[in-house]
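The listed protein sequences derive, respectively, from chains F and C.
In this text, residue positions in the first sequence follow numbering that gives the first Met the number 0: the first is 0, and each later residue adds one.
In this text, residue positions in the second sequence follow numbering that gives the first Met the number 0: the first is 0, and each later residue adds one.
Heads up, the beta-carbon is just placed ideally off N, CA and C, and yes, glycines get one too.
Owing to the predicted nature of the structure, the values given are computational and were not obtained by experimental measurement.
First the structure, in the form of structure tokens, and then the observations on it.
Protein chains: 2
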Amino acid sequence: MKEANKEPKESKQSFIAEARREQIVEAAIKTLDEIGYVSASLSQIAKRAGISTALISYHFADKYDLMNDLITRLLEQSSSYILERVSRADTAREKLRLFIEASLAYQGTHPARNAALLEIIFNGRTPENIPYYKLGDDDEELVLIELKRILSEGQQSGEFGAFHIDVMASVIQGAIGEYMSYTGITKRVDLETYAAELVSIVSRAVGINI
Amino acid sequence: MKEANKEPKESKQSFIAEARREQIVEAAIKTLDEIGYVSASLSQIAKRAGISTALISYHFADKYDLMNDLITRLLEQSSSYILERVSRADTAREKLRLFIEASLAYQGTHPARNAALLEIIFNGRTPENIPYYKLGDDDEELVLIELKRILSEGQQSGEFGAFHIDVMASVIQGAIGEYMSYTGITKRVDLETYAAELVSIVSRAVGINI
DNA sequence: TTATTATTTGATCAATTAATCAAAATTTTA
DNA sequence: TAAAATTTTGATTAATTGATCAAATAATAA
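Written out as structure tokens, the structure is:
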């Protein structure tokens, strides 16, 4: 179990090793949520997992390897949650509504995971010192691509009017992200109201034809 | 010059001390922009300022004091830039347009300051471990308050239609912030196009009556 | 069973951190 | 000028960081 996953996606790691990795990742999420990225040292993570720091080093090549695994899992989870919900609708208009609602709902149901995701996206950097938020992860991209597909689909079907798809997608994601990260709005407007109002605002913006 | 500013906002610090503080803050901005908050140690900042680390400790009570000074200056600058531009317009519609354009333009003309602001807002925490982004700084609030005032003004004058002001403000700020922080959109759409499209989208969202 | 392999720990490593301090250098004051 | 106050540095502090290693423990295979 020396090697960190290089190429092999699914490989021959024992059940116990995979379970341990998962436990460590969960502890890392808790740590990020509680004390933030800057203070999230291996010893803090180990403390929350109830294990020694050396054990983390045994299961992960280095801290970057751990954070990478963490962010991959978090993005996979939120992505599949959102994409699954969206797939239930037929029309672009309905898909757009479900996209917004699901994106916001995920935060409400997974606050710690959401906080951890924010911490690592905004603070984490690759070994080459490139910020994660400038990277555009695959799973992150997946959601963005789906959003653009919905917008494009709506335009072609005549459900939506004319607008710049990249910018519109950015507006929608920005509005969702704003509620995720900024507590000011969170305190003033509850999740359901925000979702409903956002759907209404976006509907007007895309020029929905009843 | 032992004491760090506790209550005295403007006090009796020599010109040279103030100049030195400013130099240190500028070096801190450069450091945050170049290597990010996590790596921005006092020694890294001192290196870029061409001074010893002890000198930073002499002029600032501690690292938090420095970062606090830094974020205050950065927010003051961007706030006054935006508010000054907005004040040139008369109608709510024009103010809204200038607000969006000025907010985006500031990023284009001050990329390093913008990057530093992002780094510290998302990574910095108070001594009580509260993330800055959950705090709602005074100068940050200033801009938000002005935005809401514009939206409210437009509704009362009949320029805008009906919408939830808090949510609409959040959407607009989110769309602006998205372009600031996420490189994906930055690479696909240039600043001017984004500003123009965003104005167009928001105009539709607020329901502008020609 | 025994031998082999996988897992886990505690001790330890060098590096870096923020901060302190006495002494030196500089500037200001008298 | 000389004295006093301010500014600056280099050395040092204790604490923490991520990582390594040999030895101990546990699980698996023979």
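The alpha helix (DSSP H) enclosing residue i, as first and last residue numbers
| i | result |
| --- | --- |
| ASN128/F | Segment: none, ASN128/F is in no alpha helix (DSSP H) and carries neither H nor E. |
| LEU74/C | 62 to 85 |
| LEU146/C | 137 to 156 |
| ARG51/C | As written in the sequence, residue 51/C is Ser, which differs from the Arg given in the question. No alpha helix (DSSP H) contains SER51/C, which DSSP labels as neither H nor E. |
| ALA133/F | Here the sequence assigns Lys to residue 133/F, which means Ala is not the residue at that position. First-last for LYS133/F: undefined, no H or E at that position. |
| GLY183/C | 182 to 187 |
| SER38/C | 14 to 38 |
| ALA195/C | 190 to 205 |
Span separating the alpha-carbon of residue i from that of residue j
| i | j | result |
| --- | --- | --- |
| MET0/F | TYR36/F | Residue confidence for MET0/F is low, a pLDDT of 37 falling below 50, so the modelled location carries little weight and cannot support an answer. |
| GLU9/C | GLU17/C | Any reading at GLU9/C must be qualified, since the residue scores a pLDDT of 33, below 50, and its modelled position is unreliable; the value itself is stated next. Between GLU9/C and GLU17/C, the C-alpha separation is close to 11 Å. |
| GLU100/C | VAL166/C | 20 Å |
| THR192/C | ASP61/C | 43 Å |
| SER169/F | GLY107/F | 21 Å |
| SER156/C | GLY160/F | 27 Å |
| ASP138/C | THR185/F | 19 Å |
| GLN43/C | LEU73/C | 20 Å |
| LYS46/F | GLN22/F | 12 Å |
| ILE28/F | ALA115/F | 5 Å |
| ARG20/C | ALA174/F | 37 Å |
| VAL24/C | LEU197/F | 39 Å |
| GLN172/F | ALA53/C | 44 Å |
| ALA91/F | SER78/F | 18 Å |
| PHE59/C | GLU118/C | 20 Å |
| GLY176/F | GLU158/C | 28 Å |
| TYR94/F | ILE149/F | Checking the sequence shown, residue 94/F turns out to be Lys, not Tyr. Taking the straight line from one Cα to the other gives about 7 Å. |
| LYS11/F | GLN76/F | Because the pLDDT at LYS11/F is just 47, under 50, the model does not fix this residue reliably, and the point stays unresolved. |
| LEU97/C | ILE55/F | 52 Å |
| MET66/C | THR125/C | 10 Å |
| ALA194/C | TYR178/C | 10 Å |
| ILE209/C | ILE129/C | The pLDDT assigned to ILE209/C is 47, lower than 50, so where the model puts this residue is not dependable, and the model offers no usable value. |
| GLU83/F | LEU103/F | 14 Å |
| VAL205/F | LYS147/C | 22 Å |
| ASP64/C | TYR57/F | 38 Å |
| ILE50/F | SER40/F | 14 Å |
| SER151/C | ARG87/C | 18 Å |
Proximal chain C residues relative to residue i, where beta-carbon distance stays under 9 Å
| i | result |
| --- | --- |
| ILE241/F | Past the edges of chain F, shown from 0 to 209, lies residue 241/F, and the structure says nothing about it. |
| ASN224/F | Residue 224/F is absent from the model: chain F starts at 0 and stops at 209. |
Neighbouring residues, chain F, relative to residue i (Cβ below 9 Å)
| i | result |
| --- | --- |
| PHE98/C | Chain F residues near PHE98/C: none, gap ~15 Å exceeds 9 Å. |
Contacts that residue i makes with chain F (C-beta to C-beta distance below 7 Å)
| i | result |
| --- | --- |
| PRO130/C | GLY35 |
Partners in chain F for residue i, counting only beta-carbon separations shorter than 8 Å
| i | result |
| --- | --- |
| GLY107/C | Here the premise fails: no neighbours, minimum Cβ distance about 16 Å. |
Members of the segment 150 to 181 of chain F near chain C, C-beta cut-off 7 Å: PHE162, HIS163, ASP165, VAL166, MET167, SER169, VAL170, GLN172, GLY173, ALA174, GLY176, GLU177, TYR178, SER180 and TYR181
Members of the segment 185 to 197 of chain F near chain C, C-beta cut-off 8 Å: ARG187, VAL188, THR192, TYR193, GLU196 and LEU197
Interface positions of the segment 133 to 151 of chain C facing chain F (Cβ-Cβ less than 9 Å), listed along the chain: LYS133, LEU134, GLY135, GLU139, GLU140 and LEU143
Residues of the segment 37 to 54 of chain F whose Cβ lies closer than 7 Å to any Cβ of chain C, in chain order: VAL37
Segments of 4+ residues assigned as alpha helix (DSSP H) that fall wholly inside the segment 91 to 116 of chain C: 91 to 108
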